[in-house]
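Position in the sequence shown (first residue = 1) + 1045 = the working numbering. This report refers to the structure that appears directly beneath it.
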Amino acid sequence: MKYNKVKFPLAGAALAVLLQFPAYGDTPVAATKISKMAPSSGQATLVVNNNITEAEVLAAQKAWGDALVAISTTYEEKGLAAAKALAEKIIDAAYGYQFGAVLFKPTLTTAPQTFRTTKAGALAYFVGDDPAFPKDKGFALKGWRQVEIQNAAIFIEGDVATTMGNVLITDKTGKVTTVDKTWKFLKDSNGKLRIVVHHSSLPYSDK
């Protein structure tokens, strides 16, 4: 199987959107004038486009990997409280819990708390420190230093994008952990990609 490797320097790439509209009836195209500024207000014309691009998907994946590393290093440098505060901000920014339940199945969870459909459950998984989730020790606190995402495929349809592939996470000792991961991103009304499905598991071995 061939993988499309995502390298992290991708973030920050400029995105341009070109909208083309057909002419209707017998009106010549040259008779239509389009202004860059709205003449009544003097403000730039607002364009709402919720279609997701591949570049936006890759940038969202990169942001997730960067965030995981940031939580780990913050924990080591500033302690648990700072790491937990950062993780909460990241969950608010990256996931869609404000819409309702998120379909989040982390790598290292067991019944009856396998699925983390609430923000509290997601936060506990990443940083622990929640008596309601006693088995969680904080996946994001394990000294992660680098994340590489290898997409097997990306499926984009309108304002939703689904990805599947491997995520390779390297800790501070150089050990690499590989997980199988599926994400679904929804583009909200503010143009922000939100994770609404996140399924992660360890690769199967028949040995």
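The beta carbon of each residue, even a glycine, is placed where N, CA and C say it ideally should be.
Through-space distance from residue j to residue i, alpha-carbon basis
i, j, result
"LEU1055", "LEU1103", "With a pLDDT of only 34 at LEU1055, under 50, the local geometry of the prediction cannot be trusted, and the value read off the model is given with reservation. Whole-angstrom Cα-Cα distance: 8 Å."
"GLY1280", "ASN1196", "In the structure as shown, the chain begins at 1046 and stops at 1252. Residue 1280 is therefore absent and cannot be evaluated."
"ALA1156", "PHE1149", "14 Å"
"PRO1248", "ILE1240", "22 Å"
"LEU1153", "LYS1226", "13 Å"
"GLN1158", "PRO1179", "10 Å"
"SER1250", "VAL1224", "12 Å"
"THR1119", "ALA1127", "7 Å"
"TYR1170", "VAL1205", "25 Å"
"VAL1221", "GLN1143", "33 Å"
"GLU1101", "VAL1092", "17 Å"
"PHE1160", "ILE1116", "22 Å"
"GLY1166", "GLN1088", "43 Å"
"LYS1123", "LYS1182", "18 Å"
Reduced DSSP secondary structure (H/G/I, E/B, other) of residue i
i, result
"SER1117", "helix"
"ASP1111", "helix"
"ALA1177", "coil"
"PHE1149", "strand"
"LYS1229", "strand"
"ILE1171", "The sequence given here has Phe at residue 1171, not Ile. PHE1171 falls in the helix class under three-state DSSP."
"TYR1249", "coil"
"PHE1184", "helix"
"ILE1135", "helix"
"VAL1205", "strand"
"GLY1166", "helix"
"ASN1235", "coil"
"PHE1160", "coil"
Expected contact under 8 Å - CB spacing of residue i and residue j to nearest Å
i, j, result
"ILE1214", "VAL1192", "5 Å"
"ILE1194", "ILE1097", "Not confirmed; about 17 Å, so no contact."
"PRO1151", "SER1234", "About 28 Å separates the two Cβ atoms, so there is no contact after all."
Own chain partners of residue i with C-beta closer than 7 Å, once the 5 adjacent residues on each side are dropped
i, result
"ASP1216", "LYS1187, GLY1188, TRP1189, ARG1190"
"GLY1141", "VAL1147, LEU1231, ARG1239, ILE1240, VAL1241"
"GLY1210", "TYR1048, ILE1194, GLN1195, ASN1196, ALA1197, LYS1226"
Chain-order list of residues whose beta-carbon lies under 6 Å from that of residue i (same chain, five-residue window excluded)
i, result
"ILE1135", "ALA1112"
"THR1208", "ASN1196, ILE1199, TRP1228"
"VAL1212", "ILE1194, VAL1224, LYS1226"
According to DSSP, residues forming a beta bridge with residue i
i, result
"ILE1214", "VAL1192, THR1222"
"ILE1240", "TYR1140, PHE1230"
"THR1154", "The partner list for THR1154 (beta bridge, DSSP) is empty, contrary to what the question assumes."
"ALA1197", "Beta-bridge pairing links ALA1197 to no other residue."
Same chain, Cβ closer than 8 Å to residue i, five either side skipped, listed in chain order
i, result
"LEU1168", "LYS1129, ALA1132, GLU1133, ILE1136, ASP1175"
"VAL1114", "TRP1189, ARG1190, GLN1191, VAL1192"
"THR1162", "ALA1146, VAL1147, LEU1148, PHE1149"
"GLU1121", "GLY1188"
Short CB-CB distance (under 9 Å) between residue i and chain D
i, result
"ILE1194", "Among the protein chains of the structure shown there is no chain D, as only one such chain exists."
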